[in-house]
Amino acid sequence: MPTAIIADDERLMREQLHARLTEVWPELQVLAEAKNGEEAVAAVREHHPDLAFLDIRMPGMTGIEAARHIGDACHVVFITAYNEYAVDAFEQGAIDYVLKPAEAGRLAITVARVKQRLGSRPSDLGALLSQLTAKLESNGGADKRSHLQWIQASVGQQLRLIPTAEILFFTSDEKYTRVQTESFEALIRKPIKELIDELDPEQFWQIHRGTIVNAKAIAGVTRDFRGRQLVLIKGHTEKLEVSRNYTNLFKQM
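For what it's worth, my numbering labels the leading residue of the sequence shown as 9, then goes sequentially.
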């Protein structure tokens, strides 16, 4: 029975990847989960897995540094939200990569490739790891935290992972924050004041104490009979009020 460990500093991502692996590779036994590179290296030394899923960006020891310490003790699959790292890793001989959030279809392809390599000696990743380290440093350093890439939200009785790029806007809804996409709305408990600190400020603009809008979803700005600015959303009928504190965002519109 093949074995693995999963290392990602976000519990949600570890759980999501574990669940998807169970779907597409039920024979795989996940022996341990780690939240940083140090724990990943320790888990490999303790459990001797066939495979290590390592998030490239983790605080402290990154997945790249962990892979260097692991060496040829097991095969490595990198986990990343960034396509450029993934392409480099795959083209230069790493087993494969998983893009966040892990989707069953893409993960099934990864699993098929991994199975073909499990009987062979793990790849020498030395040159690749040096290049990935340089790329991380050129993008602000290995410890730099990326902006929020997805949201875990309630849609009816289900929990869904929603890529932030697909979100049109967030609005406060009493105890919850409403998440609106083109096709559905969902609820999360995280307040607007916390979300704005985690989202990419170039893409998501706060336009009201209780509203954040995806700038790419803005169709235009109009005014109502009271003179208030209202943001129009592409493909959506709802108009979002702009408070006085944020009218400067739309001076050129």
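Ideal Cβ placement from N, Cα and C applies to all residues, glycine included. A quick note: this is a predicted structure, and the numbers were derived from the prediction, not measured.
Reduced DSSP secondary structure (H/G/I, E/B, other) of S180: As a working note, residue 180 is residue 172 in the sequence shown. Looking at S180 - three-state DSSP - the assignment turns out to be strand.
Under 7 Å Cβ to Cβ from M69, same chain only, skipping five residues before and after it: list those, please. Counting from 1 along the sequence shown, the entry for residue 69 is found at position 61. Answer for M69: N44, G45 and E46, listed in chain order.
Inter-residue spacing [alpha-carbon to alpha-carbon] between V229 and K242: Against the sequence shown, residue 229 aligns to sequence position 221. Against the sequence shown, residue 242 aligns to sequence position 234. Between the alpha carbons of V229 and K242 lies a gap of roughly 11 Å.
How is R153 classed by DSSP in three states: helix, strand or coil? Here residue 153 is taken as the residue at index 145 of the sequence shown, counted from 1. Low local confidence applies: a pLDDT of 49 at R153 is under 50, so the model's placement there is unreliable, with the coordinate-based value given in what follows. Note: R153 maps to coil in three-state DSSP.
Count the other C-beta atoms from every protein chain shown that fall within 10 angstroms of the C-beta of H56, then say buried if there are 16 or more, exposed otherwise. Along the sequence shown, read from residue 1 onward, the residue named residue 56 stands at position 48. Classification for H56: exposed.
Does DSSP put A81 in a helix, a strand or coil? One-based indexing of the sequence shown puts residue 81 at position 73. Correct three-state label for A81: coil.
Would you kindly work out how many angstroms separate the C-alpha atoms of H26 and H83, rounded to a whole number? To locate residue 26, count along the sequence shown from 1; it is residue 18. To locate residue 83, count along the sequence shown from 1; it is residue 75. Computed Cα separation, rounded: 17 Å.
Taking 8 Å as the threshold (C-beta atoms), are R236 and E249 in contact? Start at 1 with the first residue of the sequence shown, and residue 249 comes out as number 241. Start at 1 with the first residue of the sequence shown, and residue 236 comes out as number 228. Contact flag set, yes.
Per DSSP, which residues does T230 bridge with? Please list them. The residue given as residue 230 occupies position 222 in the sequence shown. According to DSSP, T230 bridges with L238.
Using the DSSP secondary-structure output, state which residues sit across from N222 in a beta bridge. Start at 1 with the first residue of the sequence shown, and residue 222 comes out as number 214. Answer by DSSP bridge pairing, in chain order: F212.
Please say whether T189 and L176 have beta carbons closer to each other than 8 Å? As a working note, residue 176 is residue 168 in the sequence shown. As a working note, residue 189 is residue 181 in the sequence shown. With contacts defined as CB atoms closer than 8 Å, L176 and T189 qualify as a contacting pair.
At the level of alpha carbons, what is the spacing between G149 and Y105? As a position in the sequence shown, residue 149 is number 141, starting the count at 1. As a position in the sequence shown, residue 105 is number 97, starting the count at 1. Note that G149 scores 48 on pLDDT, short of 50, meaning its location in the model is unreliable; the coordinates nonetheless yield the value given after this. Straight-line Cα distance between these residues: approximately 21 Å.
Chain-order list of residues whose beta-carbon lies under 6 Å from that of E41 (same chain, five-residue window excluded): As a first step, residue 41 must be located in the sequence shown, where it is residue number 33. For E41, where only same-chain residues beyond five positions count, the Cβ hits under 6 Å are I14 and R22.
Who are V106's beta bridge partners in DSSP? The residue you call residue 106 lines up with position 98 of the sequence shown. Per DSSP, I87.
What first and last residue would you give for the alpha helix (DSSP H) that runs through K201? The residue given as residue 201 occupies position 193 in the sequence shown. Bounds of the alpha helix (DSSP H) holding K201 are I200 to E206.
Could you tell me the distance, in whole angstroms, from the CA atom of I215 to the CA atom of N222? Numbered from its first residue, the sequence shown carries residue 215 at position 207. Numbered from its first residue, the sequence shown carries residue 222 at position 214. Answer to the nearest angstrom: the Cα atoms are 10 Å apart.
Between E193 and A81, what straight-line distance do the alpha-carbon atoms span, to the nearest angstrom? Position 185 of the sequence shown, counted from the first residue, corresponds to residue 193. Position 73 of the sequence shown, counted from the first residue, corresponds to residue 81. Put simply, the backbone Cα of E193 is about 45 Å away from that of A81.
Quickly, what does DSSP pair S162 with across the bridge? List them, please. Here residue 162 is taken as the residue at index 154 of the sequence shown, counted from 1. Bridge pairing for S162: L167 and L195 [DSSP].
How big is the Cα-Cα spacing for G34 and Q160? The residue labelled residue 34 in the question sits at position 26 within the sequence shown. The residue labelled residue 160 in the question sits at position 152 within the sequence shown. Correcting the residue identity first, residue 34 is Pro in this sequence and not Gly. For P34 and Q160, the distance between alpha carbons rounds to 24 Å.
Please confirm whether M69 has its beta-carbon closer than 8 Å to some beta-carbon of chain C. This model lacks chain C altogether, as it is built from one protein chain only.
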